[in-house]
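To convert, count from 1 in the sequence shown and add 3; that's our numbering.
Yeah, the Cβ is synthetic: ideal placement off N, Cα and C, and Gly gets one too.
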Amino acid sequence: MPIVEINKRNECIGVKKTEDLVIVEADETMVDQGKSDTLEEEIMEIYWKSEMDSSNSREMFKWYSNSMKTACKNFLSRKDIFEEMKEKQFDLAILEPIHVCGLGFVKALGIEKIILASSCTFFDSILPYIGEPLDFSSVPSLFSSFGDKMTITERYENYMISKEINIALEEMYDEEMRIYREFLGENLSDWRELVSAASIFFVNSNPFLDFPRPMIQKTIPIGGISVNMKWIKEQNLPIEWNQILDKRPHNVLISFGSMVKAMYMPHKWRNGLLEVIKSMSNVTFIWKYESDDISFADEIPNVHFLKWVPQTALLNDDRLTAFVSHGGLGSTMELAFSGKPAVVIPVFADQIRNANMLSKHKGVIYLEKKSMESVEIVQKAFEDILYNKDYRENALKLSEILTNQPYNPTENVIKYTEFVGE
4 MPIVEINKRN
14 ECIGVKKTED
24 LVIVEADETM
34 VDQGKSDTLE
44 EEIMEIYWKS
54 EMDSSNSREM
64 FKWYSNSMKT
74 ACKNFLSRKD
84 IFEEMKEKQF
94 DLAILEPIHV
104 CGLGFVKALG
114 IEKIILASSC
124 TFFDSILPYI
134 GEPLDFSSVP
144 SLFSSFGDKM
154 TITERYENYM
164 ISKEINIALE
174 EMYDEEMRIY
184 REFLGENLSD
194 WRELVSAASI
204 FFVNSNPFLD
214 FPRPMIQKTI
224 PIGGISVNMK
234 WIKEQNLPIE
244 WNQILDKRPH
254 NVLISFGSMV
264 KAMYMPHKWR
274 NGLLEVIKSM
284 SNVTFIWKYE
294 SDDISFADEI
304 PNVHFLKWVP
314 QTALLNDDRL
324 TAFVSHGGLG
334 STMELAFSGK
344 PAVVIPVFAD
354 QIRNANMLSK
364 HKGVIYLEKK
374 SMESVEIVQK
384 AFEDILYNKD
394 YRENALKLSE
404 ILTNQPYNPT
414 ENVIKYTEFV
424 GE
């Protein structure tokens with residue numbers, strides 16, 4: 004497991020049951036970059052303030068592309084890792100095609116059976132090479148700002164942002180191919196051939212939640228695999244949470260995830276949220292916030308700032324009334340299964356698509372992040388999600404459908420992986 008972001012090392016590993024785990028630590032260059040608070044602040048500012056569209060998407064991918072290429076060189080320069088992996092004689096490899104360095108690596112190891120797995124609903128850049136169409140007139144691309152009902156100009160932008168990002172990604176893939184050929188052999192296959200040769204493509208999509216789209220037989224939706232409702236319902240919150248959740252008749256969780264830090268939110272937006280929170284004195288707000296400096300909220304008694312929250316347990320506690328989320332796909336799945344109404348405020352990347360996907364089921368209110376400038380807009384959204392019963396009823400309907408769906412994502416992964424392996 005190569006470490007790309009040193010400041011997220013422990014989060015990235017996150018493996019509890021795997022005993023035989025090989026970690027490729029970041030090199031000195033990556034460590035220095037990871038320790039730079041200035042760089043992190045610059046990146047967070049881009050995420051919070053920028054509106055990604057076809058005109059700037061390539062520029063916004065530069066940091067990611069450079070990080071992936073640096074990580075690829077660091078990973079493949081470790082000849083000892085390659086030799087260790089070669090001795091293990093793997094039967095099958097599972098890789099995420101957001102980059103292709105790993106594809107060259109497993110090919111050099113002689114592993115012929117390959118499964119692709121996407122942590123997103125799908126990757127536009129991969130579809131042409133597995134023979135799967137993408138209908139830009141009715142299917143939002145991964146970084147689209149629209150739902151499945153688009154005007155002619157929105158369809159054009161849906162196509163253009165996909166095209167621009169795919170150009171940026173293919174340039175990165177080509178550079179990674181040059182790197183894996185440099186370290187592992189000039190005769191290694193083109194990444195396009197390796198993608199096409201994969202037996203199965205697992206996608207983090209659920210047909211009962213996602214927008215409908217044409218898929219070929221080798222694409223297997225496994226959305227919801229990370230949500231074990233039986234286990235979640237068996238979990239009890241620590242007793243100290245009672246002091247927070249029992250204090251007022253309504254409770255709202257606010258979390259913008261782990262990728263984008265709320266501490267870097269523009270102050271004008273943060274102050275707008277706080278003004279709304281202060282005005283709703285019968286509601287307790289639990290805000291996942293990364294900084295100890297919370298002096299700006301000293302006079303607001305109904306908000307609690309915590310660096311970490313037990314999100315799944317809170318979402319399945321009857322005392323939590325609603326969720327304010329960034330719309331990351333992990334949180335989106337947890338929210339959809341939990342049956343809680345929500346206000347979704349996407350910040351960047353696929354979060355906008357996820358917000359539109361959820362709002363289609365009428366259990367959430369989607370707000371653009373720039374809407375946080377308006378106290379009136381945020382106030383209305385919060386009041387609607389708390390007091391309009393339609394949102395809760397629709398969220399519960401979606402939860403019931405997902406809980407009782409006729410197939411199990413975990414079983415599908417096991418069966419298809421065994422099928423390819425055999």
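- The secondary-structure analysis by DSSP pairs TYR369 across a beta bridge with VAL347.
- According to the DSSP assignment, SER60 belongs to the alpha helix (DSSP H) that extends over 60-63.
- In this structure, LEU399 sits away from ALA339, with a CB-CB distance that is not shorter than 8 Å.
- Taking C-beta atoms as the reference points, ASN254 and ILE280 fail to come closer than 8 Å.
- With respect to the C-alpha of LYS271, the residue from PRO412, GLU44, GLU386 and SER377 having the closest C-alpha is SER377.
- In the pairwise beta carbon analysis, the region 324-341 is classified as touching the region 258-266: at least three pairs are separated by under 8 Å.
- In the assembly as shown, TRP234 is an exposed residue. Its beta-carbon has fewer than 16 other beta-carbons within 10 Å.
- Contact check for ALA325 and ILE388: beta-carbon distance about 5 Å, within the 8 Å limit, so the pair qualifies.
- Excluding sequence positions up to five before and after SER140, its CB lies within less than 6 Å of the CB of ARG158, all in the same chain and listed in chain order.
- Straight-line spacing of the CA atoms in VAL350 and GLN92 works out to 42 Å.
- Between the region 97-105 and the region 67-81, the count of C-beta pairs closer than 8 Å reaches three or more; the two stretches touch.
- Within the same chain, and ignoring the five residues on either side of LYS236 in sequence, the residues whose Cβ sits closer than 8 Å to its Cβ are ASN319.
- The region 60-70 makes no contact with the region 82-100: fewer than 3 CB pairs, one atom from each, lie closer than 8 Å.
- According to the DSSP assignment, THR324 belongs to no alpha helix (DSSP H), since it is labelled neither H nor E.
- Looking at the DSSP output, SER258 shares a beta bridge with SER328.
- When beta bridges are read from the DSSP output, PHE204 appears opposite LEU119 and THR222.
- For the set ARG81, ASN305 and ASN207, the Cα lying nearest the Cα of SER121 is the one of ASN207.
- HIS329 and ASN190 have their C-alpha atoms roughly 44 Å apart.
- Judged by DSSP secondary structure, ILE289 falls within the beta strand (DSSP E) whose first and last residues are 286-291.
- For the pair PHE126 and PRO100, the CB atoms are nearer than the 8 Å cut-off.
- One alpha carbon belongs to SER402, the other to SER341, and they sit about 6 Å apart.
- Going by C-alpha positions, ILE97 is about 19 Å away from LEU187.
- Assignment of ILE97 by DSSP, reduced to helix, strand and coil, places it in the strand class.
- ILE355 is positioned such that its CB atom lies no closer than 8 Å to that of LEU370.
- Apart from the 5 residues on each side of it in sequence, TYR132 sits with its Cβ closer than 7 Å to the Cβ of ARG195, VAL198 and SER199 in its chain, given in chain order.
- In the three-state scheme derived from DSSP, where H, G and I count as helix and E and B as strand, PHE308 is classed as strand.
- Collapsing the DSSP output to three states places HIS102 in coil.
- With fewer than 16 other CB atoms across the displayed protein chains lying within 10 angstroms of its CB, TYR390 is exposed.
- For TYR419, the enclosing alpha helix (DSSP H) begins and ends at 412-424.
- Within 10 angstroms of the beta-carbon of LYS110 lie 16 or more other beta-carbons, which makes it buried.
- For VAL142, the three-state secondary structure derived from DSSP is coil.
- Per DSSP, LYS383 is one residue of the alpha helix (DSSP H) stretching across 378-390.
- Residue environment: GLN314 is assigned as buried (16 or more neighbouring CB atoms within 10 Å of its CB, all protein chains considered).
- The Cβ-Cβ distance between ILE225 and VAL423 does not fall below 8 Å.
- Its Cα nearest to that of ASN397, the residue ILE368 stands out among ILE368, MET283 and ARG81.
- Around the beta carbon of ASP301, a 10 Å sphere encloses fewer than 16 other beta carbons of the protein chains shown; the residue is thus reported as exposed.
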